[in-house]
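The working numbering applies: residue 775 is where the sequence shown begins, and numbers increase by one. Below: the structure, in structure tokens.
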Amino acid sequence: MVRKMGFYAVLAFCLYGLFFYWYLFYLADPKLPFEYQGTKADPATFLNGRELMLSEEYSKIRNLLFFLSTPFEWLFYFLILLFGFSRVFKRWAESSAKYKFLQTPIYLIWLSFFAFLATLPLNYISYSLSKTYHISTQTFPSWMKDELIDFWLNYGTWLIIVPVLYWLMKKSQKRWWLYGWLLSIPFTLFMMFLQPVVIDPLYNDFYPLKNKELETKILALAEKAHIPAQHVFEVNMADKTNSLNAYVTGIGSNARIVLWDTTLNKLTDDQILFIMAHEMCHYVEKHIYWGIAGYLLISLLGLYLTYRFMNWTVKRWGKELKISDVRDIRSLPLFFMIISMLLFAASPLTNLASRYQETRADRYAIEMTKNPEAAITSFQELTRSGLSQVKPPLLVKIFRYTHPSMLDRISMLEEYQIKNGK
775 MVRKMGFYAV
785 LAFCLYGLFF
795 YWYLFYLADP
805 KLPFEYQGTK
815 ADPATFLNGR
825 ELMLSEEYSK
835 IRNLLFFLST
845 PFEWLFYFLI
855 LLFGFSRVFK
865 RWAESSAKYK
875 FLQTPIYLIW
885 LSFFAFLATL
895 PLNYISYSLS
905 KTYHISTQTF
915 PSWMKDELID
925 FWLNYGTWLI
935 IVPVLYWLMK
945 KSQKRWWLYG
955 WLLSIPFTLF
965 MMFLQPVVID
975 PLYNDFYPLK
985 NKELETKILA
995 LAEKAHIPAQ
1005 HVFEVNMADK
1015 TNSLNAYVTG
1025 IGSNARIVLW
1035 DTTLNKLTDD
1045 QILFIMAHEM
1055 CHYVEKHIYW
1065 GIAGYLLISL
1075 LGLYLTYRFM
1085 NWTVKRWGKE
1095 LKISDVRDIR
1105 SLPLFFMIIS
1115 MLLFAASPLT
1125 NLASRYQETR
1135 ADRYAIEMTK
1145 NPEAAITSFQ
1155 ELTRSGLSQV
1165 KPPLLVKIFR
1175 YTHPSMLDRI
1185 SMLEEYQIKN
1195 GK
């Protein structure tokens, strides 16, 4: 029975992968609708033939890796349970820990280590792909360092969460999900507060904007938007990537707007001011706080569904998965698998909400700067630097895109330009 379940799980993953390969490489039509051909949203008007070819190639492979990576994680956790590795990890923890309270950290390090090894090849393929297409400029040692930072940050985070979660399961088998969610609220806010000043600097160096002439322009824009000036930072990314970006992060006194140095190096002041105005909208309209509220609401439903699915799975398949009780630490891979599945299932909704906020930010920025040409050319440069698809396939847009497609964004700006005669 165990071998049959393992075979069907691997077969399902292979069929799933073949479907998305067929969808992305053969079914999805990258051709722009007739009404957009020749407009400023048409990549043929601002990319050369080689760039057009590379953007299609790169996007297809990158999207395929995205659709493979998350289900591969589910398959890994399922096989860990099915073939008894979770039970082995627990046995190793029990035999090597002198004190009982150390058993969970030891179990978790074994599970985390094997998960890291299992997902490393796909992560390396993604890194190698971005190097091949000259998106990434990062050296292998630097990339590996970031991977190890990810590993220890994830391990440290789960080392706080998992013992508390399983203690709650033992104290309240029917309400642990609710108590866990209540405890997650201050923890989430605390982590968001720490993000800009503790976590992000582990990966890159952050410093106040060095270009003082540009800083003066941004400060004037920030004053117009009633934003404290100290929230604008620059981060060194040129050693890692050729792509461009800017974002808002943190909450409270640690909230800040961040510009990549690649953005500063490749865009004009007018283009940067449009991007800054876009990011300022997120601050002004408190999109981060709305995002946290949405995340907490979804996590409440997610933890409840996890509680129900875990109980049902252990009752129905506990013998095959070597789990006798949900409260046993051996059920942790099942917890991770269900959480990952629910997050993937919720991504179309969370992405839709994010795209709505990003659209509002685009409109806010163009109303503030009144320079649609700078806005359009900045999006065109973003497309070129990241080899992005202007018109992504529908499933890619639904499951991947937290921002509107470049077709939507540039078309909106062209309409504004025509309407206002700019």
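All C-beta atoms, glycine included, are put in the ideal place defined by N, C-alpha and C.
query: Could you spell out where the beta strand (DSSP E) holding E989 opens and where it closes?; result: Run containing E989: none in the beta strand (DSSP E); it sits in the alpha helix (DSSP H), 986 to 998.
query: Does the distance from the C-beta atom of D1107 to that of S833 stay below 9 angstroms?; result: The sequence shown places Pro at residue 1107, rather than the Asp named in the question. Not in contact: P1107 and S833 (Cβ atoms no closer than 9 angstroms).
query: Is DSSP giving Y907 helix, strand or coil here?; result: coil
query: Among the residues of its own chain, which have a CB less than 6 angstroms from the CB of Q912, if the five just before and after it don't count?; result: K1014
query: How about the region 1042 to 1049 and the region 927 to 945: do they share at least three Cβ pairs that are nearer than 8 angstroms?; result: no
query: Cutting at 7 angstroms between CB atoms, please list the residues of its own chain near Y977, excluding the five before and the five after it.; result: D920, I923
query: Going along the chain, which residues of its own chain have a beta-carbon closer than 6 angstroms to the beta-carbon of I1001, five neighbours each way excluded?; result: M1054, Y1057
query: Considering only the alpha carbon of each residue, which of K805, F1083, L839 lies closest to Y790?; result: L839
query: Return the CA-CA distance between Y994 and A1135, expressed in angstroms with no decimal places.; result: In the sequence under discussion, the amino acid at residue 994 is Ala, which differs from the Tyr named in the question. C-alpha separation (whole angstroms): 18 angstroms.
query: Identify which residue in G1076, G1068, I1112 has its Cα closest to the Cα of V1088.; result: I1112
query: Can you check DSSP and say which residues form a bridge with A745?; result: Since the first residue of the chain shown is 775 and the last is 1196, residue 745 is not available in this structure.
query: Going by DSSP in three states, E831 sits in which element: helix, strand or coil?; result: helix
query: Quick one: residues in its chain with C-beta nearer than 6 angstroms to the C-beta of T1176, no 5 flanking neighbours on either side, listed in chain order?; result: N1125, S1128
query: Give the list of continuous alpha helix (DSSP H) stretches no shorter than 4 residues that lie fully inside the region 821 to 896.; result: 823 to 856, 859 to 870
query: May I ask which residues mark the beginning and end of the alpha helix (DSSP H) holding Y1081?; result: 1061 to 1091
query: Going residue by residue through the region 1107 to 1176, where are the continuous alpha helix (DSSP H) segments of at least 4 residues, counting only ones entirely within it?; result: 1146 to 1160, 1168 to 1174
query: What is the residue span of the beta strand (DSSP E) that Y981 lies within?; result: 980 to 982
query: Q1163 and S900: beta carbons closer than 9 angstroms?; result: no
query: Please report the Cβ distance between L1095 and L855, rounded to the nearest whole angstrom; I am assuming they are in contact, meaning their Cβ atoms lie under 8 angstroms.; result: 4 angstroms
query: In whole angstroms, what separates the C-alpha of R1158 from that of W866?; result: 51 angstroms
query: Determine the DSSP secondary structure at T962, reduced to helix, strand or coil.; result: helix
query: CA-CA distance, A889 and W955?; result: 25 angstroms
query: Could you say if the region 858 to 865 and the region 798 to 816 meet the contact criterion of at least three C-beta pairs nearer than 8 angstroms?; result: no
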